[in-house]
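Protein chains in written order, with my numbering: chain A, 15 to 615; chain B, 928 to 1128; chain C, 6 to 443.
Note that CB positions come from ideal geometry on N, CA and C, so glycine has one too.
Remember, it's a predicted structure, so these values are computed and weren't measured experimentally.
Here is the structure we will look at, set down as structure tokens.
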Amino acid sequence: METVTLTIDGRPVTVDKGKTVLQAAIESGISVPYYCYHPGLGVDGSCRVCIVKIEKMPKLQTSCSTTCADGMVVTTRDEDVVKARAGIFEFLLVNHPLDCPVCDKGGECPLQDFSYAFGPAESRMDFPRRVFDGEGVKADVDFGPTLMLNRNRCILCTRCVRFMREVEGDAQIGIVDRGNGSEIATFREEGVHSLLSGNLMDVCPVGAITTRDYRFKSRPWDNPNVVDTICTRCSKGCSTSAWLKAKPEWARGSQLIRMTPRYNPAVNDYWMCDIGRFGYHWIEGEQRLRRPMVRRGSALESCAWHDVLPKVREQIQQAGTADPSSVRFLVSAHAATEELFVLRQTIDGLMGADARGSVSLTWARSEKTQPAGTRFVVPATDAPNVRGAHDLGFAVGAGHDGAPDLGALRAAVEGGRVRVLYVIDPGPDGSLGDVAWVAAARRAGTLPFLVVQGVVRHDLVEAADVVLPGATSTEKDALYTNDQGMVQPSSRAILPPGEAQEDWRILVSVARALGLSLSYDSSDAVRVALAAAMPGTAYAGAGAVTFSRPIPSRNWLQASNPSERWKWDFMFQDLPPVKGHSVQMEGVPVKDIIPLKPTQA
Amino acid sequence: MSFHPHMEYAPARFHKSERVLADDGETFAYTPERQQAFDEVVTRYPADRRKSAVLFALYLVQQQQGYVSGASMRFVASQIGCSTADVEDVATYYTMFYRHPVGTYVLNVCRTLSCALLGAERVVEQISAALGIKPGETDPSGMFTLIEVECLGACDRAPVVMVNDDWHERLAPEQVPAFLDGLRTRGAAALTGCHLHVEEK
Amino acid sequence: MAYEPVLTRYVREPNSFTLEHYLQHQRGYEGLRTALGRAPGDIIEQVKASGLRGRGGAGFPTGLKWQFVLKDTPKPKYICCNADESEPGTFKDHVLMERNPHLLIEGCAIACYAIGAKVAYIYIRGEFYHVQQVLEAEIAKAYAAGYLGKNIFGSGFDCDVFVHRGAGAYEAGEETALIESLEGKRAQPRLKPPFPAVAGLYQCPTAVNNVETLCNVPPIVLNGAEWFAALGPEKNGGPKLYCVSGHVKRPGVYEATMHTTLRELIYDERFAGGMLDERPLKAIIPGGSSVPLLLPDELDTPASFDHVQKAGSLLGSAGMIVLNDTVCMVWLAQNLLHFYRHESCGKCTPCREGGDWLYKLLQRVESGEGREKDIDLLYGVASNITGKTLCAFGDAAATPVLTTIARFRAEFEAHVREGRCTIPAEWRARQPMLAGHH
């Protein structure tokens, strides 16, 4: 890649050719504020706050729209720039309500942060502010099924407009009227109806667009920890972040407070879909399985792990001895690679590799309603690891419609040829696809014994003889292989509820109960074995994969998304502590929070 | 209207915006002649740039029903092949599209400097007084809508009034009553017309 | 020797707009025929040599603009004629299009040939519907006569000219906003670079030229670059249309060379013929509402791009608004800021927010409610807009405030001191609030 070298504030900066001055500044940790610029969207140049002085150019230039050139000399802290920038901040705040204490963006708001850093000490505006839909809470108006819009806070950066046009593909958001009366709007206030709507909250640099799911629920400083996860709601495998709310031990309610996309240029860029973003509540929901259960008559009763495992062993051994093919596994493609690997070892060890056909892989499918020109396609396969199962040598039978082909298993179950069906289902309700016929077979008496290793109390659980509570993807370190064949690690954000266990551990326990000598004591150990078993494949490095532990969220953006790094750079380096940081940091020396770059110390 | 496939949506539960929307109006379609006009004008632009014809499409709507309604914007979107929001975005930007029914004669009085120097402010006052309406309003008879507009580009004929698509020039404040009467009785024929035509008359 | 108008000589004759008249009296389409016999590059060189500067306001050399149009590209190229004439005080293109449309049509065709375009769009403001009707009828006649369409004069050159109607937006007169509007979007400016010459209409190489500019092209081709350059002061050659309005006896469009002084344009019998009712001149806006005021002692400035700029203002669109002693400068600034606030496209922050703020401040000062510090605040806010906006609109909007305070600060102070406007005029509204209604 060709590079160019320019000077910004006296520092030589070398960047790839074609980058803008703003990108060069961001990459080298030099603070330049911006609103209309977003790395995932086209350049607009409308907010004007990123102006800098460039030698040999007559006027101040917007750095977002100026391409770097060799020898260019850029100043961001010169008096002219400081004054002009402060003037623009004054304009931005002329009509912006200072309702930060009740605004959801408060604490992670670029307008708040940049204004502290670059804005004027006070505004000279003494006319009433422009008000669109009423003051205070009345200003929060319906913006479709997932969003609310507050036009009073909007600074018309048009990131949302451009997101819909450029990424979503259906330009549902426009501006109505013009000049000082311009408003962000959908046609006749119909609202945004998009599978990608949640990204609009991310791109909004103020609290104008908020999600119904997250608004009023938490504050950034109450979500101190964040974990790098992979979304498992479909085969795309978006990089995501699970945000954890800090709460006292006695407090009720969930820990997972929101899901946001994590920049990954190879998969999802800066985006994720609403299914992943909003579909996490079930993880800490009422329907979660917390203890092992066994059937006593018509009811399932809780019991201890050491009571339930012998029952499973007994049934499998009896059936396997009589007819090995009468023990079958129905495995959701939500099962992580570690789990599939332990399962493979178990089958190979007990019945031989030829018996891998006893495993039927299943998943749900749903065609997504998206505009034809979308740049972010959400796949129809609603499971993260179909490819992983295939890579591990399991038969992945799919019909022409892309749905799993379970015909043979179903015929065997309905024909009474299956004595034990072991279901592994660490996904949300419905992720097994259409398996009503299993419960029907149980009721009809053709399926004598049903084990469900799952996470949610759904219909199949109700029909089971033994229920083993497993862990969802956010509750374990696990690998998933997306539809491009990328092996991606998803880190544990929270612990499995109650006595539930990570699925690989349950499978190891079952294998050992059946007499196999598996000795894994951690998922790391499983991955080391996996790597050793699959040399020369994408899994050969599995043993060395590292998983993130909850990291302080104040560092998260810096670690994961260089384009948003300014937030933290500014807040902790440029400000005297008395002005107050968005994130509560009182009394903590700056250098302990974030390592200063040598040139900035 | 598409619906979010995964979220329950009960809009009635939330605050609605106070934004003043265009009247939705009745289901809209061009008359055959206007459809033909649109189909012809759209060929002036590259085939993948039909959006260029959106202003023309909106003018046709306004010609046909006097204003640009919600229903007509949906129609235009389908003709152009763009989103309805894109049409509303454009229709609300330009001042010559009305989003509500207007009077038979829309009196667009130029209020910018050159016209103001020769009495445009007083012309507005006189029209307001004569019709009992403020700028932006339509008189009770439905005949006149008064609008203050910015420079019309005929500053040598100040004060200028654009009446629908026709012009009336050098309208002195004292002449307002006669001007309105002329429109009532003779319609557009009462207007001076434009510019050098004036000298010819 | 009396100057013989080139562009507007016949505009007062009843049939001046017809093809027959044009062919008979103005060597109609001879320029195009001549041009087609030469290489496109020669035409560009000739226009460069003539020194023709854009008549829309910026005064940028037209030949250079054409030369910058990207040549090595498989994309089509376009001429966009800026007929969005909306700068307050400007009404010259109006006359040209209505009374001498074939001159523009011929200019468009030559321009297309010069840059290698096959299509010219004339973007005409929506309010000029009557002008558009004349123009479209005459374009149809030009097609019928073979001056437009396929294989013009058997040269193999094809050229289409289409009229595109705007719908009420001053900002559409900014060249990139005009392109956006032509593409069916809001008339909002684009970032430059890329300039239209590289990525303009439909992201194709485009030259955007004002009506009067293009009307000068056929005479240049016919009479030569030297003839054109010799018509005016150095670098300010050619015929120029001046729009004189406001408090003068005979407001109108006058054609002259750029030797002509502001004083002549106001007082000479060949032009506006003196001040209305013989009242004294207070100030003049020489180039449309976006340029600084000049005072009576600056009237001997020749009305050329360079001389007016040297005098501290700009020739702009040559829209001269003449103000007598009944004009309150605070009122004037308020009137113009009403315009700029109304016409701001709203895209960039300083113009969108600053224009409205300035208007509110001016309203307060004009009505007598202002405070001493408001005057400095006005100046400060206007200065914060200048040079910070995406397009030139911001500077234009700030100018009326900066120039009136710089030159007539005492009037602002009097408003604050007296609590009212001290220069009432009978032509102003009796109820000030109504005039400010929005």
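- With 16 or more neighbouring CB atoms inside 10 Å of its own CB, C/Ser318 falls in the buried class.
- If the five residues before and after C/Leu304 are omitted, its C-beta is found closer than 6 Å to the C-beta atoms of Leu267 and Arg268, all from its own chain and listed in chain order.
- Per DSSP, reduced to three states, the secondary structure at A/Glu197 is strand.
- Here A/Trp319 has Pro306 as same chain residues with Cβ atoms under 6 Å from its own Cβ, once five neighbours each way along the sequence are excluded.
- Counting C-beta pairs with one atom in each stretch, the segment 336-348 of chain A and the segment 424-439 of chain A have three or more that are closer than 8 Å, which means they touch.
- Cβ atoms of A/Val63 and A/Pro47 come within 8 Å of each other, at about 5 Å.
- Pairing A/Pro393 with A/Asp184 gives a Cβ-Cβ distance that is not under 9 Å.
- For B/Leu948, there is no enclosing beta strand (DSSP E), since its DSSP letter is neither H nor E.
- Leaving aside the five residues that flank A/Arg358 on each side, the residues in its chain whose CB is nearer than 6 Å to its CB run, in chain order, Leu406.
- Of the other Cβ atoms in all chains shown, 16 or more fall within 10 Å of the Cβ of A/Ser253; this residue is therefore buried.
- Residues Val522 and Val540 of the same chain have their beta carbon placed closer than 6 Å to that of A/Tyr534, with the five preceding and five following residues left out of the count.
- By the CB criterion at 9 Å, C/Cys396 and C/Asn214 fall outside the cutoff.
- Following the DSSP letters along the chain, one finds C/Thr218 inside the alpha helix (DSSP H) bounded by residues Val216 to Cys220.
- C-alpha of C/Asp89 to C-alpha of C/Leu342: approximately 20 Å in a straight line.
- Contact of C/Leu395 with chain A by beta-carbon distance below 7 Å involves Gly59 and Ser60.
- The contact set of C/Asn389 on chain A, defined by CB atoms closer than 8 Å, consists of Ala98, Gly101, Ile102, Glu104 and Phe105 in chain order.
- Rounded to whole angstroms, C/Tyr247 and C/Ala202 show a C-alpha spacing of 28 Å.
- Contact of C/Leu383 with chain A by beta-carbon distance below 9 Å is absent, the smallest such distance being about 11 Å.
- Ranking A/Phe157, A/Asp154 and A/Ile169 by CA distance to the CA of C/Pro355 puts A/Ile169 first.
- Counting along the chain, A/Glu104 sits inside the alpha helix (DSSP H) bounded by residues Glu93 to Val108.
- Secondary structure note for A/Trp285: it is in no beta strand (DSSP E), with a DSSP letter that is neither H nor E.
- The criterion of a C-beta distance shorter than 9 Å is not satisfied by C/Gly399 and A/Ala98.
- Under the DSSP assignment, C/Phe167 falls in the beta strand (DSSP E) whose first and last residues are Phe162 to Arg170.
- The beta-carbon of B/Cys1009 is placed less than 9 Å from the nearest beta-carbon of chain A.
- Within its own chain, the residues whose Cβ lies closer than 6 Å to the Cβ of C/Thr181, once the five positions on either side in sequence are excluded, are Pro194 and Arg195, listed in chain order.
- At a C-beta separation below 7 Å, A/Gln186 has these neighbours in chain B: Ser1010 and Ala1012.
- Pairing B/Tyr1020 with B/Met1070 gives a Cβ-Cβ distance that is not under 9 Å.
- For A/Gly447, the closest Cβ of chain B is not nearer than 9 Å.
- Of all residues in the segment 204-216 of chain A, only Glu204, Gly205, Val206, His207, Ser208, Leu209 and Ser211 place a beta-carbon less than 9 Å from a beta-carbon of chain B.
- Here A/Tyr534 carries a coil assignment [DSSP, helix/strand/coil].
- Take A/Val155, set aside five residues on each side of it, and the residues of its chain with a beta-carbon closer than 8 Å to its own are Asp147, Met162, Leu163, Asn164, Arg165 and Glu203, in chain order.
- Shown here for C/Leu37: same chain residues with a beta carbon closer than 6 Å to its own, the five before and five after excluded, namely Glu111, Ala114 and Ile115 in chain order.
- B/Tyr936 is bridged by DSSP to nothing; it lacks a bridge partner.
- Cα atoms of C/Val74 and C/Pro66: separation of roughly 13 Å, rounded to the nearest angstrom.
- The segment 452-467 of chain A makes no contact with the segment 358-371 of chain A; the number of CB pairs closer than 8 Å stays below 3.
- Contact holds between the segment 426-434 of chain C and the segment 1045-1057 of chain B, because three or more Cβ pairs, one in each stretch, are under 8 Å apart.
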